[in-house]
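Colleague: Residue numbers (our numbering), protein chains in the order written: chain A, 1 to 509; chain B, 1001 to 1197.
Handing you this structure, nothing more for now.
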Amino acid sequence: MDFGPVLDGFGVVLEPTNLLYCLIGVVIGMLIGVMPGLGPAATIAILLPVTFGIEPVTAIIMLAGIFYGAQYGGTITSVLLRLPGEASSVVTVFDGHALARQGRAGTALGIAAVGSFIGGTVSIIALTLVAPLVAGFALDFGPPEYTALALLGILLVATVSSGGRLKAVIAACIGLLLATVGRDGFTGAERFTFDNLSLADGLDFVPIAMGLFGLGEILYNLEERHGAVQAPTKVANVWPSRADLRESAGAIGRGSLLGFVLGILPGGGATLSSLAAYALEKRRAKHPERFGRGAVEGVAAPETANNAAATSSFIPLLTLGIPANATMAVIFGALLIQGVSPGPQLVSQEPELFWGVVNSMYIGNILLLIMSIPLVGLFVRILRVRATILAPITVLITLVGVYTVNNSVFDIVLVIFFGVLGYLMKKFGFEPGPLVLAFVLGSLLENSLRRSLLIFDGDPIGFFTRPISGTLLAVFLLVALLPPLRAALRRRPAAPRPDPAPQDTKELV
Amino acid sequence: MAAGDTPRQAGEAALSGRTADEPHGGEPTLDELSLEEAIQRVEEVEHEGRPPAAGPLSNALIAAAVVALGIAALIGSARLGLGTVRSPESGTWPLLVSAVLVVLGLGLLATARRTTDAERFSGASWLVLAGLATMIGFVAVISIIGFEIPATLLTFVWLRFLGREGWRTSIVTSLAVVVAFYLVFVAALSVPIPHLF
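Now the structure itself:
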């Protein structure tokens, strides 16, 4: 492998502007990880307008920093308040909060920071070695492979998202339909525009992402009543002791590997890997009963894994052009806005962007380690900022920000519309993530499908005769059909009464 | 918030070989719960302030809305020209997607009685409507009188009435926020957002 471009990437990272935006990104990420309300996908969506004025590599360095920075920040609320700010820190609550109650909050935060740093760094090194291989392999992909890959990616993200699987797939279908609005690339016909000129060029990604993730989440949070947060004033003794480090060394090592591998899979990502790493440590432990009562490994393993996964989930995005989760879908949108289409050609055609972003993560992780150990007191104090004050500021940033993209009032109307849609979706148990992901991949999917059908001369069997697209589609069918089949089989012996029978058959479809 | 089946099952498997012989206090520890239950508990606490789950009728209505949307999209796609597999037309792909949507919506309708992940509208939902009204007001007047006055009002309403902050905090914060926005967007970045001054 040629390491020249990798080294050039460091040159890109060390430019003062890029260093500055890396710092801004990780600080914002850490902040939103700590603060209640917005997750990384929402934050990145709201900041999309900011990225218009800056270089692509700088923009993505910042957005990536927000994403992995949030993994560090989520730990703090999990440990101190028993409130996981991010889904990927839920398991950290068990042992992290137990440690905090024993007066060892500092230990938990310290070991989480060290674990996150090691997990992140191991994952970047592995990414550096693996990504060019994946990209090289994917260079031969034609339209049929992309059709299969996009279908599988959307389905996997919908399958592992929270809430009902059926609802997530419905959300994805709506996203695919929204992507068809505007002029058809093949025939030039206008689709679903209702003779509205503003819709003729299709829906913009920015108002959709900002509305569904940003405004939707804020409106949804309005209905929630929270008691006053009782944050501890300060956290002592954050530097992990040698004994703690020795105890969790194995957990950190295994967490790094597990996180890296699971992060690559579409839909895998940080949440899944933190759960899997925790379960693995508990199974391996000589005294599993310690878990849940303040085992240091119980903090180290999931925090290491979620950070490793956050890093490696950039692989499918940057090498295949398939986002692995909702946040990656927003970053994908940001790249498209910048005129960069992520895919296998990115490594060879835009080495500066690719290696600049990848290598910036080393710097970002070092910055986050500094913020999580010596400066952690600062972020603990931020726990006192009230969501009620942040909400209107975020709303204004969204409304004004979306206007600045095209200087169009219609975009403000759109963002409000999608804000309401996002609110209703969350309210009724539909995750907005699959919708945004499907919207982003919609035109790629349709174009590849139509091109493939032209190649195959209208014979869909062609998809199955090519080895890669055939395998991917087989996996797709397996993932799509297995859960409903299994559910139906499980229910039959359990419910001998004929009452739910007609419903079962319908659900199989 | 949580993830799919695989790690949870792995977690349960890992936790099944547990020993439950020691004494414990009021709060159940991890030993007595499977990982899945423990995660659910954490999430329940996080969602304590949320409205209760919606009834079967609402769930059926939601499913019906999905089906209706699917049918509308089906009709729309059919109008665009269906094409054939050999020569796909503009309507082919939307037709496929909306057909899947209809089928999935019917599946949702069939399982409506067992659905628990939708919430019902509560008294707090009026806050959402009020918040929405401020945004609509903002967009309605921005091109006529600029962003300053509607932005101040929006922030004030959100702070005082939606967030129940004190009068003084609300007034001072809303003015400060708008001044900051003016300085950043108009003075520093010269974004052409409609403004009074």
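Beta carbons are placed, not taken as given, at the ideal position from N, Cα and C, and that holds for glycine.
1) Can you pull the chain A neighbours of isoleucine 1171(B), defined as C-beta to C-beta under 8 Å?
2) For leucine 177(A) and alanine 1073(B), which I take to be in contact (beta-carbon distance under 8 Å), what is that distance rounded to the nearest angstrom?
3) For serine 951(B), collect the residues of the same chain with a Cβ closer than 7 Å to its Cβ; drop the 5 residues on either side in sequence, then sort them by chain order.
4) Taking buried to mean at least 16 other C-beta atoms within 10 Å of its own C-beta, is leucine 1101(B) buried or exposed?
5) So, is glutamate 1048(B) buried or exposed, given that buried needs 16 or more other C-beta atoms within 10 angstroms?
6) Anyone know if the C-beta pair for glutamate 281(A) and alanine 251(A) falls short of 7 Å?
7) Name, please, each residue of chain A whose Cβ falls closer than 7 Å to the Cβ of proline 1052(B).
8) Grouping DSSP H, G and I as helix and E and B as strand, with all else coil, what is alanine 1053(B)?
9) Just to confirm the assignment, what range does the alpha helix (DSSP H) spanning lysine 167(A) have?
10) State the start and end residues of the unbroken alpha helix (DSSP H) segment that holds valine 340(A).
11) For the candidate residues Gly429(A), Gly106(A), Leu38(A), Phe10(A), whose alpha-carbon lies nearest to that of valine 380(A)?
12) Quick one: what's got a C-beta closer than 6 Å to valine 1141(B)'s C-beta in the same chain, skipping five residues either side?
13) If you run the structure through DSSP and keep just helix, strand and coil, what is arginine 1114(B)?
14) Excluding the five sequence neighbours on either side, which residues of its own chain have a C-beta within less than 8 Å of the C-beta of threonine 121(A), listed in chain order?
15) Near proline 302(A), what residues of its chain come up, given a Cβ to Cβ distance below 6 Å and the 5 sequence neighbours on each side ignored?
16) Tell whether a beta-carbon distance below 7 Å holds between leucine 215(A) and proline 432(A).
17) Using three-state DSSP, classify glycine 356(A) as helix, strand or coil.
18) Name, please, each residue of chain A whose Cβ falls closer than 8 Å to the Cβ of valine 1045(B).
19) Assign glutamate 190(A) to one of three DSSP states: helix, strand, or coil.
20) Would a check of beta-carbon distances place tryptophan 1158(B) closer than 7 Å to chain A?
21) Could you give the DSSP three-state label for glutamate 224(A): helix, strand or coil?
22) Counting contacts by CB-CB distance shorter than 7 Å, is lysine 427(A) in contact with chain B?
23) I'd like to confirm the pairing. Which residues does DSSP put opposite arginine 183(A) in its beta bridges?
24) Starting from tryptophan 239(A), follow the alpha helix (DSSP H) in both directions and report where the run begins and ends.
25) Would you call the stretch 333-348 of chain A and the stretch 41-52 of chain A touching, i.e. three or more CB-CB distances under 8 Å?
26) So with Cβ pairs under 7 Å, would you call glutamate 1165(B) a contact of chain A?
27) What does the Cβ neighbour count give for glutamate 1022(B), buried or exposed, with the cut at 16 atoms within 10 Å?
28) Just the C-alpha distance for threonine 1155(B) and leucine 152(A), rounded to the nearest angstrom, thanks.
Modeller: Checking against the coordinates, here is how it stands:
1) Translated into the one-based positions of the second sequence, residue 1171(B) becomes position 171. Ordered by position in chain A, no residue passes the 8 Å Cβ test against isoleucine 1171(B), which lies about 13 Å from the chain.
2) Translated into positions along the first sequence, residue 177(A) becomes position 177. Translated into positions along the second sequence, residue 1073(B) becomes position 73. With a beta-carbon spacing of about 6 Å, leucine 177(A) and alanine 1073(B) fall inside the 8 Å limit used to define contacts.
3) The structure shown has nothing for residue 951(B), since chain B only spans 1001 to 1197.
4) For the purposes of this step, residue 1101(B) is taken as the residue at position 101 of the second sequence. Looking at its Cβ environment, which holds 16 or more other Cβ atoms inside 10 Å, leucine 1101(B) is buried.
5) Stepping through the second sequence from its first residue, residue 1048(B) is reached at position 48. Exposed, because fewer than 16 other Cβ atoms sit within 10 Å of the Cβ of glutamate 1048(B).
6) Counted from its first residue, the first sequence places residue 281(A) at position 281. Counted from its first residue, the first sequence places residue 251(A) at position 251. In contact: glutamate 281(A) and alanine 251(A) (Cβ atoms closer than 7 Å).
7) Within the second sequence, residue 1052(B) is the residue found at index 52, counting from 1. Residues of chain A passing the Cβ test: none, with the nearest at roughly 11 Å.
8) For the purposes of this step, residue 1053(B) is identified with residue 53 of the second sequence, where counting begins at 1. DSSP places alanine 1053(B) in strand when its eight states are reduced to three.
9) Counted from its first residue, the first sequence places residue 167(A) at position 167. Residues 165-179.
10) The count along the first sequence starts at 1 and reaches residue 340(A) at position 340. Careful: valine 340(A) lies outside any alpha helix (DSSP H) and carries neither H nor E.
11) On the first sequence, position 380 is the one that residue 380(A) refers to. Among Gly429(A), Gly106(A), Leu38(A), Phe10(A), the Cα nearest to that of valine 380(A) belongs to Gly106(A).
12) The residue labelled residue 1141(B) in the question sits at position 141 within the second sequence. The residues are Pro1150.
13) Along the second sequence, read from residue 1 onward, the residue named residue 1114(B) stands at position 114. Correct three-state label for arginine 1114(B): helix.
14) On the first sequence, position 121 is the one that residue 121(A) refers to. Excluding sequence neighbours, threonine 121(A) sits near Tyr362, Asn365.
15) Sequence index remark: in the first sequence, residue 302(A) carries index 302 (1-based). The answer, listed in chain order, is Val91, Thr92, Ser274, Ala277, Tyr278.
16) Counting from one through the first sequence, the residue named residue 215(A) turns up at place 215. Counting from one through the first sequence, the residue named residue 432(A) turns up at place 432. Pairing leucine 215(A) with proline 432(A) gives a Cβ-Cβ distance that is not under 7 Å.
17) Within the first sequence, residue 356(A) is the residue found at index 356, counting from 1. Three-state result, glycine 356(A): helix.
18) Locating residue 1045(B) in the second sequence gives position 45, counting from the first residue. Residues of chain A with a Cβ closer than 8 Å to the Cβ of valine 1045(B) are, in chain order, Arg82, Leu83.
19) The sequence position of residue 190(A) within the first sequence is 190, counting from 1. Under the three-state reduction of DSSP output, glutamate 190(A) falls in the strand class.
20) Indexing the second sequence from 1 puts residue 1158(B) at position 158. So yes, tryptophan 1158(B) belongs to the interface.
21) In the first sequence, residue 224(A) corresponds to position 224, counting from 1. Three-state result, glutamate 224(A): coil.
22) Along the first sequence, read from residue 1 onward, the residue named residue 427(A) stands at position 427. So, interface residue.
23) On the first sequence, position 183 is the one that residue 183(A) refers to. Partner(s): Glu190(A).
24) Against the first sequence, residue 239(A) aligns to sequence position 239. No alpha helix (DSSP H) holds tryptophan 239(A); DSSP gives it neither H nor E.
25) With the cut-off at 8 Å, the stretch 333-348 of chain A and the stretch 41-52 of chain A touch.
26) Here residue 1165(B) refers to the residue found at position 165 of the second sequence. It does; some Cβ of chain A falls within 7 Å.
27) For the purposes of this step, residue 1022(B) is taken as residue 22 along the second sequence, with counting starting at 1. Because the pLDDT at glutamate 1022(B) is just 36, under 50, the model does not fix this residue reliably, and the value given afterwards should be weighed accordingly. That one is exposed.
28) Taking the first residue of the second sequence as position 1, residue 1155(B) is located at position 155. Taking the first residue of the first sequence as position 1, residue 152(A) is located at position 152. Between the C-alpha atoms of threonine 1155(B) and leucine 152(A) there is a straight-line separation of about 43 Å.
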